[in-house]
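Going line by line, the protein sequences match chains A and B.
Heads up, the final residue of the first sequence is numbered 206 in our numbering, and it's a clean run with no missing numbers.
Heads up, the final residue of the second sequence is numbered 424 in our numbering, and it's a clean run with no missing numbers.
In what follows, a single structure is set out as structure tokens and then discussed.
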Amino acid sequence: MELRLSDIAVARGGVPVLSGVSFTLTAGAAMILRGPNGSGKTTLLRTIVGLQPPLAGKIEGAADTVAYAGHADGLKAMLSVAENLTFWAAVYGRRDIDAALEAYALAPLADRLAGTLSAGQKRRAGLARLMVTGRPIWVLDEPTVSLDVDAVKLFADAVRAHLRAGGMALLATHIDLGLTDAQVLDVTPLRAAPTALHGASDEAFL
Amino acid sequence: MIALLIRDLRLAFRAGGGFGLGLAFFLILVVLVPFSVGPQSALLSSIAPGVLWLGALLACLLSLDRLLALDFEDGTLDVLASAPLPLEAALAVKGFAHWITTGLPLVIAAPFLGVLLNLPPEGFGWLVISLMLGTPALSMIGCFGAALTVGIKRGGLLMSLLVLPLYVPTLIFGAEAARRGAIGMDVETPLFLLAGISLGSLALLPFAAAAALRMTIR
């Protein structure tokens, strides 16, 4: 079980942002993507998850194995935390949400409407969604935004537990999570020249 | 799939979910028509099937904005697109949930509002049957339109323009079936065509909508 990227190029809004991205992620390993704002981390993650096709290259091992947590949490304001998580668990064919509630200290908030939570609490609920999916590869885009120190620790513990259980994690983050043995990939040298590829437009209606 | 259906229905019935929006619009339109046309019962009864169908169509159109836009904003669509549930199935379910919360109430309310428009007694059954057969097509076509325009800010106008011409055949055959039924003519042909449009929409449009959505969420 591994995730393998070979010579991937990705574009955002028709402009190539990264090219020549190759790495392999094996079971139990984590990789942290680093790079300044706008360097294409989010675009690369969305490509790996399958939300957009790569311009070039091949992604292996990502089909039906990835769970994605992007900038938005995917929570419905008018449903309670437990209802939101139960829904996502059901989408992935699972039932149990107690472990996820416990890992992110959400049990006291389980019956609150997601719309009434604070930004950090919402984020915790959004991250707990990854645990209920049962997918081996977690793809996380800026997971620690609006989390306080304690919540970041909860998150880092959850990632470590996931890795120990043979999972994988791919994170784009600016802060140090204390994942000491994680590989770090700095995407800055991989940035594509804006004119690198012709015909790169992904605009469907232009 | 059932989980998605239950979630959509639950959201629709919670505060701010938009259930009743279409129904209220339908009610307002049908109540106001006799005032604007005047108290001529013969005229009203001859335009009743057309007005009821037009009201149902516009009420459906009114609620399409919310069909995918809310899920797009909070990131649900991104997660659904990477979930094991095929996007085609997810969109078919969302269209079905839209029909239950918008189309079905209109079908149930239509005969009561038909009384206000002096719809002839023999027309009630055919009105309900034609709406029952036609409104699923309205929901599925609307789902396709919503998928095409979901990423666009203020895409409601564009969606209305895209969807309206696609609604025309449904409106023509639906209103024709209801009109023929009301004056005691043979209704088979328009009803069969209407059923054909609905079945065709159900079979094909989830795929078209999923293809459109994959492009718009890039």
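Where a beta carbon is used, it is the ideal one built from N, C-alpha and C, also for glycine.
Can you look up residue i in the DSSP assignment and give me helix, strand or coil?
i, result
"P326(B)", "coil"
"A383(B)", "helix"
"D73(A)", "coil"
"Q121(A)", "helix"
"M131(A)", "helix"
"V356(B)", "coil"
"G256(B)", "helix"
"P16(A)", "strand"
"I389(B)", "coil"
"A27(A)", "coil"
"S288(B)", "coil"
"A126(A)", "First, the residue type needs correcting, since residue 126(A) is Gly and not Ala in the sequence shown. In the structure shown, G126(A) sits in a helix (DSSP, three-state: H, G or I)."
"A248(B)", "helix"
"Y68(A)", "strand"
"I59(A)", "strand"
"R95(A)", "coil"
"D176(A)", "coil"
"V145(A)", "coil"
"I314(B)", "helix"
Going along the chain, which residues of its own chain have a beta-carbon closer than 7 Å to the beta-carbon of residue i, five neighbours each way excluded?
i, result
"L190(A)", "L18, S19, G20 and V21"
"G74(A)", "G126 and R129"
"R123(A)", "D73, V145, S146 and L147"
"L312(B)", "G228, L229, F232, A262, A265, L337 and T341"
"A192(A)", "A9, P16, V17, L18 and S19"
"R272(B)", "G224"
"T212(A)", "This structure does not reach residue 212(A), given that chain A is present from 1 up to 206, and the question cannot be answered."
"P375(B)", "I403"
"I358(B)", "L364"
How would you list, in chain order, the residues of chain B whose beta-carbon sits under 9 Å from the beta-carbon of residue i?
i, result
"Y104(A)", "Residues of chain B passing the Cβ test: none, with the nearest at roughly 17 Å."
Got a sec: is the Cβ-Cβ distance from residue i to anything in chain B below 9 Å?
i, result
"A29(A)", "no"
"L51(A)", "yes"
"R46(A)", "yes"
"V15(A)", "no"
"E83(A)", "yes"
"F205(A)", "Per-residue confidence for F205(A) stands at a pLDDT of 49, beneath the threshold of 50, marking its modelled position as unreliable; the derived number appears in the next sentence. Output row for F205(A): interface = yes."
"R123(A)", "no"
"R112(A)", "no"
"R129(A)", "yes"
What does residue i reach in chain A if we use C-beta pairs closer than 8 Å?
i, result
"D280(B)", "A72, D73, G74, L75, K76 and A77"
Using C-beta distances below 8 Å, list every residue in its chain close to residue i, excluding the 5 sequence neighbours before and after it, in chain order.
i, result
"I175(A)", "T144 and V152"
"R420(B)", "A287 and L293"
"V49(A)", "A62, V66, Y68 and V139"
"L101(A)", "V81, A82, L85, A107, A110 and A128"
"A295(B)", "M207 and P412"
"E279(B)", "none"
Taking the alpha carbon of residue i as the reference point, which residue from the options has its own alpha carbon closest?
i, options, result
"F330(B)", "L367(B), A384(B) and L363(B)", "A384(B)"
"V237(B)", "G224(B), F225(B), A254(B) and G226(B)", "A254(B)"
"G228(B)", "V243(B), L217(B), D280(B) and A262(B)", "A262(B)"
"M1(A)", "D64(A), P16(A) and T188(A)", "D64(A)"
"V132(A)", "L179(A), A99(A) and G14(A)", "A99(A)"
"F23(A)", "R34(A), L51(A) and S6(A)", "S6(A)"
"F379(B)", "M207(B), S366(B) and G402(B)", "G402(B)"
"P412(B)", "L344(B), L258(B) and F398(B)", "L344(B)"
"A89(A)", "F318(B), L339(B), L276(B) and V285(B)", "V285(B)"
"A161(B)", "G93(A), L33(A), A77(A) and K76(A)", "Here chain B covers residues 207 to 424 and nothing more, so residue 161(B) does not appear."
"G406(B)", "I208(B), G320(B), L217(B) and M346(B)", "M346(B)"
For residue i, which residues in the same chain have their Cβ closer than 6 Å to its Cβ, ignoring the five residues on either side in sequence?
i, result
"A415(B)", "L297, C349, F350 and A353"
"N324(B)", "S247, L250 and S251"
"G361(B)", "T355"
"G167(A)", "P136"
"G28(A)", "L163 and G166"
"P326(B)", "S251 and A388"
"A418(B)", "A353 and L354"
"R386(B)", "V393"
Any C-beta of chain A sitting closer than 9 Å to the C-beta of residue i?
i, result
"L288(B)", "Checking the sequence, you will find Ser at residue 288(B) rather than Leu. Taking Cβ atoms only, chain A reaches closer than 9 Å to S288(B), which makes this a yes."
"V285(B)", "yes"
"L249(B)", "no"
"N220(B)", "It is worth fixing the name first, because residue 220(B) is Arg in this sequence and not Asn. Output row for R220(B): interface = yes."
"I347(B)", "no"
"R213(B)", "yes"
Flag residue i as yes when its Cβ comes closer than 8 Å to any non-hydrogen atom of the ligand ATP, and as no otherwise.
i, result
"S80(A)", "The ligand ATP is not part of this structure, which contains no ligands at all."
At a CB-CB cut-off below 7 Å, which residues of chain B make contact with residue i?
i, result
"V66(A)", "S288"
"G93(A)", "P290"
Would you mind telling me which residues of chain A sit closer than 9 Å to residue i, beta carbon to beta carbon, in chain order?
i, result
"I306(B)", "Neighbours of I306(B) on chain A: none; closest Cβ ~17 Å, over 9 Å."
"L210(B)", "F87, A90 and V91"
"L217(B)", "K76, M78 and L79"
"R360(B)", "Per Cβ cutoff of 9 Å: no residues; R360(B) is ~16 Å from chain A at best."
"R272(B)", "What R272(B) touches in chain A: nothing, since even the nearest Cβ is about 12 Å away."
Give the residues of chain A in contact with residue i, contact being defined as C-beta atoms less than 7 Å apart.
i, result
"I423(B)", "L51"
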